[in-house]
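Take a look at the structure below.
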Amino acid sequence: MAAERLALGGFDVEVFDAMPSAGRKFLLAGKSGMNLTHAENLESFLGRFGHASPSLERALKLFPPAAIRDWAQGLGVETFVGSSGRVFPTDMKAAPLLRAWLHRLRQSGVRFFMRHRWLGFSQYRTYRFQTADGEIEKEAAIAVLALGGASWARLGSDGRWFDYFDRSQITLHPFKPSNCGFECKWSEHFSSKFSGSPLTKVGLQIRTVKEHDEYRIGQFVVSEHGVEGSLIYAFSADIRDLIERDGKATIELDLTPDRSEERILSELNSGRGARSWSSFLRSKLSLHPVHIGLLYEALEKDQMQDVEVLASTIKRLPLILDRARPIDEAISSAGGLCFSELDSDLMMKHFPSVYCAGEMLDWEAPTGGYLLSACLATGYLAGEAGCAFLQNSFAGMMNEGQDV
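Going by this note's numbering, the letters in the sequence shown line up with residues 16 to 419, in that order.
Now the structure itself:
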């Protein structure tokens, strides 16, 4: 996106990428349906980025969700708004959009250099790259660094740039997994029987480190090691913060969000006859085997016979999460380059004429189009600011009679 804005400004643009082909994480994001952005009102949209919302506001307003849809349409890709407010290409695919974009960039004169890994600066406005033929240096009037976060290293986001900036005494926050799964101690029986089982409509309540009670209905999946899926991802920052503070996080599951505890208690007191508890709970409360398995994980046998304890647990089943899954499994990462190191144009204060964009910056957001939106918007701002910087620099040189 930064390259596109700079090329539209009439400048020669070169893109260096460590990977053999461009947009690998973009393509992965579209594997299960290309979620470009979100169609909710802009005020709500801006609030999805937590502590970084004020720092990202300028970029997100400069290139908001509506502009992303117009941009896609300009590439010949129509979009639609799903029932959840998420915005998708009509064919749900990332590859056609990426192909059209790369073609347009090349047509505008942008040159791509693949298998070029950035190694740092050798001197002012001179950049070092590792290539298959050895190390090279390139000079540029400005640079936009979009070095990625630390999830999905095989796609290029390996966070190796972090140490270089750390040695340069640039303020950074350590990378942490975001939109990730969490581990909990299942019994061997439960894990072997229910690993991979979805819970399609459950409520999740959590008391955050700020002592706020948050509740949401959604779905997630029981994994071999714990839990993962959209409902867990929505609370991943809160869960991670609790684990950092307390060494664990307790969430409460509502297995029947459409039934009150009083109604459940009434159903349980109606008598199960000769049926087993499992059969009774399936027929009377529409609980699935994985729900019943969770109850047996949480309760002792005698507690399962106590209808008041059982009814309470069906509505508030405690689940203790011990740690996040490894960062390389996470959809995204928190941490990275602090915004205090950048001016309002995303230019580095320590390295004038160097801009930064994308997941290398210290922000996080839930899934739903927010991650890609902020990557595109920060690239847009960096490109626009870079154009203005170059135009002002060249105007000054011309006024002084220098060759441009």
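Quick reminder that beta carbons are idealized off the backbone N, C-alpha and C, glycines included.
A straight-line Cα-Cα distance of about 35 Å links residue 72 and residue 145. Put simply, the backbone Cα of residue 198 is about 17 Å away from that of residue 220.
Burial is judged here by how many other beta carbons sit within 10 angstroms of a residue's own beta carbon; residue 403 has fewer than 16 and is exposed. Distance check between residue 378 and each of 44, 65, 56, 36 places 65 closest, using alpha-carbon atoms only. 9 Å or more divides the Cβ of residue 263 from the Cβ of residue 360. Residue 92 sits in coil when the DSSP states are folded into three classes, being neither helix nor strand. Counting C-beta pairs closer than 8 Å gives three or more between the region 366-383 and the region 152-161, which meets the contact rule.
According to the DSSP assignment, residue 142 belongs to the beta strand (DSSP E) that extends over 141-146. Under the Cβ criterion (8 Å, minimum of three pairs), the region 213-232 counts as touching the region 264-276. Here residue 382 carries a coil assignment [DSSP, helix/strand/coil]. In this structure, the beta-carbon distance from residue 405 to residue 24 falls below 9 Å. Fully contained in the region 216-241 are the following beta strand (DSSP E) runs of length 3 or more, in chain order: 228-237. Judged by DSSP in its simplified three-state form, residue 127 adopts strand. Straight-line spacing of the CA atoms in residue 33 and residue 242 works out to 33 Å. For residue 135, no alpha helix (DSSP H) segment is defined; the enclosing uninterrupted segment is the beta strand (DSSP E) at 132-138. Taking each of 353, 364, 135 in turn and checking the Cα distance to residue 375, the smallest one comes out for 353.
In the DSSP assignment, the residues bridged to residue 371 are 160.
Separation of residue 203 and residue 310 (C-alpha to C-alpha, rounded to the nearest whole angstrom) is 15 Å. Bridge pairing for residue 269: 218 [DSSP].
When only Cα atoms are considered, residue 130 and residue 31 end up about 8 Å apart. Annotation for residue 71: the continuous alpha helix (DSSP H) segment containing it runs 68-77.
Looking at the backbone, the Cα of residue 42 and that of residue 365 are separated by about 33 Å.
Contact annotation: residue 63 and residue 383 have beta-carbon atoms nearer than 9 Å. Judged by beta-carbon spacing, residue 121 lies beyond the 9 Å limit of residue 128, meaning their Cβ atoms are not closer than that value. Three or more beta-carbon pairs separated by less than 8 Å are not found between the region 314-323 and the region 166-180, which leaves the two stretches without contact.
Annotation: residue 152 is outside any alpha helix (DSSP H); the continuous beta strand (DSSP E) that includes it extends over 149-154. In the DSSP assignment, residue 29 falls within the unbroken beta strand (DSSP E) covering 29-31. For residue 135, the closest C-alpha among the options 107, 168, 183 is that of 183.
9 Å or more divides the Cβ of residue 211 from the Cβ of residue 240.
Residue pairing of residue 351 in beta bridges, as defined by DSSP: 188. Looking at the DSSP output, residue 326 shares a beta bridge with no other residue. Between residue 123 and residue 19, the CB-CB gap stays under 9 Å.
Taking a C-beta distance under 9 Å as the contact criterion, residue 107 and residue 391 do not qualify as a contact pair. For residue 205, the enclosing alpha helix (DSSP H) has its first and last residue at 203-209. The C-beta distance from residue 217 to residue 268 rounds to 5 Å, short enough to meet the 8 Å contact threshold. Annotation: residue 86 to residue 255 spans about 35 Å, alpha carbon to alpha carbon.
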